[in-house]
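Here's the structure we're looking at; comments come further down.
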Ligand SMILES: Nc1ncnc2c1ncn2[C@@H]1O[C@H](COP(=O)(O)OP(=O)(O)OP(=O)(O)O)[C@@H](O)[C@H]1O
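See the structure below:
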């Protein structure tokens, strides 16, 4: 079921001289219930402008935005707030509020005209706080929070809004790895309950591991869409992110380190070999089966063998020191 779709949407902004500047055009996409979509593209390609346009903060320059069967233009601000929640990177203005007060604002579309919270409102607020693991900061003021803590609070507020659609602009920008994984798992769980989640991100883990689909914004060419794996295999992701020049290693999701130094034939435990390979390549060594120098990675050590010599090392650091001194 499509929760949100755009038809030939044109996005951009109005310049000081008054003429509109088009950033992207002919965007026809659909956000389905139960799906996570990542919006990707280079800096300045128009991702935030798109998110702001579909959430009604910026006017479209052309085309159509529909929530279900309703055109966005027919929806009041309160109606829109009951359909979508938005997590932007900007810090909220009301910095003197406490965390719990900010999250309670997410209940605004449902609370009475006096703003009084019902029992249900309180339950939902408690649920949002507990799902995002922010109980320990619930009574702090927003100005007391770190960037990462604030980011989780903004996600909690979006959850408390209980909308079918959640739009997030760079949700992991300030999160450490633990918190990023926690948020990723939470978004996955919520999506599978039937929500549609759109994330604008530069994070490869979020876009390729978590997302069901990618929408790729390019400069001077149409938006591409598909499952992450298809767009990786046909080269679209690499092209959209201008990674071809760097020899981006799409298997490991990392820059392929160019090496032209001595060759080493490496074998052994896969995990330990993976990290050994990374350290060797960073130091200029090539991994090759036709090398006279062989390295066996065991559970406990690293055994280096040349036609003349054999030595064992207890750590990658020791191995590197030996290799560097004999280069
Ligand atoms: N009101 C405005 N006035 C002038 N330029 C603007 C305005 N709004 C957006 N832009 C420009 O439009 C381009 C797209 O901005 P946008 O923030 O949508 O990009 P983005 O894809 O989200 O980039 P990033 O990955 O860096 O966050 C940028 O070059 C930005 O400077």
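Residue numbers (our numbering): 673 to 999. Cβ coordinates follow ideal geometry from the N, Cα and C atoms, glycine included. From a predicted model like this one, the values you see are computed outputs, not experimental measurements.
Residue 993 has its alpha-carbon roughly 13 Å from the corresponding atom of residue 976. The stretch 936-944 makes no contact with the stretch 912-920; the number of CB pairs closer than 8 Å stays below 3. Distance between residue 848 and residue 823, taken at the CA atoms: about 11 Å. Relative to ligand 1, the beta carbon of residue 945 is positioned no closer than 8 Å to any heavy atom.
Distances from the alpha-carbon of residue 716 to those of 685, 742, 735, 707 put 685 closest. With contacts defined as CB atoms closer than 9 Å, residue 678 and residue 735 qualify as a contacting pair.
Within the same chain, and ignoring the five residues on either side of residue 737 in sequence, the residues whose Cβ sits closer than 6 Å to its Cβ are 678, 726, 744. DSSP, reduced to helix, strand and coil, places residue 936 within a strand of the structure shown. Fully enclosed beta strand (DSSP E) runs of no fewer than 3 residues occupy 837-841 of the stretch 817-868, in order along the chain. Comparing alpha carbon positions, the residue from 845, 872, 878 closest to residue 858 is 878. Of all C-beta pairs linking the stretch 755-767 to the stretch 802-811, fewer than three are shorter than 8 Å, placing the two stretches out of contact. In its chain, beyond the 5 residues on either side, 964, 965 have a beta carbon closer than 7 Å to the beta carbon of residue 978.
Residue pairing by DSSP places residue 739 opposite 676, 742 in a beta bridge. The C-alpha of residue 886 is placed about 14 Å away from the C-alpha of residue 706. Of all residues, those with a beta-carbon under 5 Å from at least one heavy atom of ligand 1 are 685, 715, 716, 717, 718, 719, 720, 721, reported in chain order.
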